[in-house]
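Colleague: Quick one: structure below, then a few questions.
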């Protein structure tokens with residue numbers, strides 16, 4: 003089991019994210035994962051730097067820390083050819099420490115280029131075509147592709163790493179888990195759902211299996227709950243809401259009825275390391291081997307110290 007630290011790019015600026023990543027390596031985290039957004043979820047978060055620049059800076063400042071996007075949508079705001087090139091370059095700059103996490107995206111980030119966002123079925127097919135294109139370009143040479151939604155004309159990625167990055171495909175159901183197995187080389191999920199892992203494996207998936215755990219650390223449980231509610235209450239609105247709303251103001255409205263009790267029900271909160279270890283164990287038992295801790299508490303450095311002194315040993319000894 004490898005334990006990662008989520009870099010909340012909606013909540014911090016680029017220099018601070020790089021600083022946190024360096025501290026995460028020092029604290030003993032195995033990897034960091036960064037969200038790839040154009041907008042934050044809520045205006046109160048106040049940030050959304052370009053994830054790929056941040057990852058490049060982290061690669062230059064760290065030595066052993068794994069890197070991952072969690073996740074990139076390679077279908078609307080980006081063309082998959084650009085992501086194929088960016089991921090290959092980052093794999094070279096990080097000496098093979100990078101995993102490309104991909105998904106079908108959220109309207110929040112993709113609508114900004116004025117090309118629409120499409121139905122759920124269209125997004126799934128776009129992602130399938132995008133993965134075709136990325137895998138094609140990573141074979142080397144000049145390549146073309148003529149899909150229903152995406153096209154590629156006589157393109158070549160010149161700088162390819164000796165070992166290609168894993169592609170962890172976000173899945174919330176069996177169809178996406180199968181796509182992760184057939185078109186990716188890893189799985190990405192947000193719930194301890196053993197069925198997703200089983201589908202991935204049954205369909206031939208053999209790569210890493212990533213999952214995210216929502217936590218909020220503070221020395222006082224109430225302080226942790228208050229901060230998570232202030233900045234991260236959007237996370238309990240459900241994926242159908244999270245995928246469809248176009249701007250932070252819409253998430254402000256959609257999350258207006260979320261209570262602090264909802265935060266307690268959906269996050270690990272407070273200072274008890276046993277609660278964090280229990281949550282991670284549920285993902286391990288479901289078959290995940292890379293678990294990312296997403297801290298929505300008020301003190302990132304306090305959480306990193308807590309991991310180093312109180313939590314890391316519990317997680318690595320299991």
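In the working numbering, the protein residues as written are 3 to 320. All C-beta atoms, glycine included, are put in the ideal place defined by N, C-alpha and C. This structure is a prediction, so every number in the text was calculated from the model and none was measured.
1) Quick test of the definition: if touching needs 3 or more C-beta pairs under 8 Å, does the stretch 223 to 234 touch the stretch 277 to 287?
2) Which residues does DSSP pair with residue 7 in a beta bridge?
3) Report the partner residues of residue 214 according to the DSSP bridge assignment.
4) Grouping DSSP H, G and I as helix and E and B as strand, with all else coil, what is residue 155?
5) Would you report the Cα separation of residue 90 and residue 198, rounded to the nearest angstrom?
6) Alpha carbon to alpha carbon, what distance is there between residue 40 and residue 87?
7) In three-state DSSP terms, what is residue 146?
8) Specify the secondary structure class of residue 46 as computed by DSSP and reduced to three states.
9) Measure how close the beta-carbons of residue 112 and residue 75 come, nearest whole angstrom, since I'm counting them as under 8 Å.
10) Using 10 angstroms around the beta-carbon of residue 7, count the other beta-carbons present and answer buried if the total reaches 16, otherwise exposed.
11) Does DSSP put residue 170 in a helix, in a strand, or in coil?
12) Between the Cα of residue 293 and those of 220, 226, 32 and 212, spot the shortest distance and give me the residue it belongs to.
13) Classify residue 121: buried if its beta carbon has 16 or more other beta carbons within 10 angstroms, exposed otherwise.
14) Just checking my contact of residue 243 with residue 268 at CB under 8 Å: how many whole Å lie between their CB atoms?
15) Report buried or exposed for residue 45, applying the criterion of at least 16 other Cβ atoms within 10 angstroms of its Cβ.
16) Report all residues from its chain with a CB closer than 6 Å to the CB of residue 159; omit the five preceding and five following residues, and keep chain order.
17) On the DSSP letters alone, give me the boundaries of the alpha helix (DSSP H) that residue 91 sits inside.
18) Three or more beta-carbon pairs under 8 Å between the stretch 218 to 230 and the stretch 8 to 22, yes or no?
19) Under 6 Å Cβ to Cβ from residue 309, same chain only, skipping five residues before and after it: list those, please.
20) Using DSSP bridges, identify the partner residues of residue 191.
21) What did DSSP end up calling residue 283 once you bin it into helix, strand or coil?
22) Alpha carbon to alpha carbon, how far is residue 55 from residue 16?
23) So is residue 274 buried or exposed if we call it buried at 16+ other beta carbons inside 10 Å?
Modeller: Answer, in terms of the structure:
1) As far as the Cβ criterion goes, the stretch 223 to 234 does not touch the stretch 277 to 287, which means the pair count is below three.
2) 34 and 295
3) Note: residue 214 is bridge-paired with 294 in the DSSP secondary-structure output.
4) strand
5) 28 Å
6) Each residue's Cα considered, the two are about 20 Å apart.
7) strand
8) coil
9) 6 Å
10) buried
11) strand
12) 212
13) exposed
14) 14 Å between Cβ atoms; not a contact.
15) exposed
16) 86, 87, 90 and 139
17) 82 to 95
18) no
19) 29
20) 213
21) helix
22) Answer to the nearest angstrom: the Cα atoms are 8 Å apart.
23) exposed
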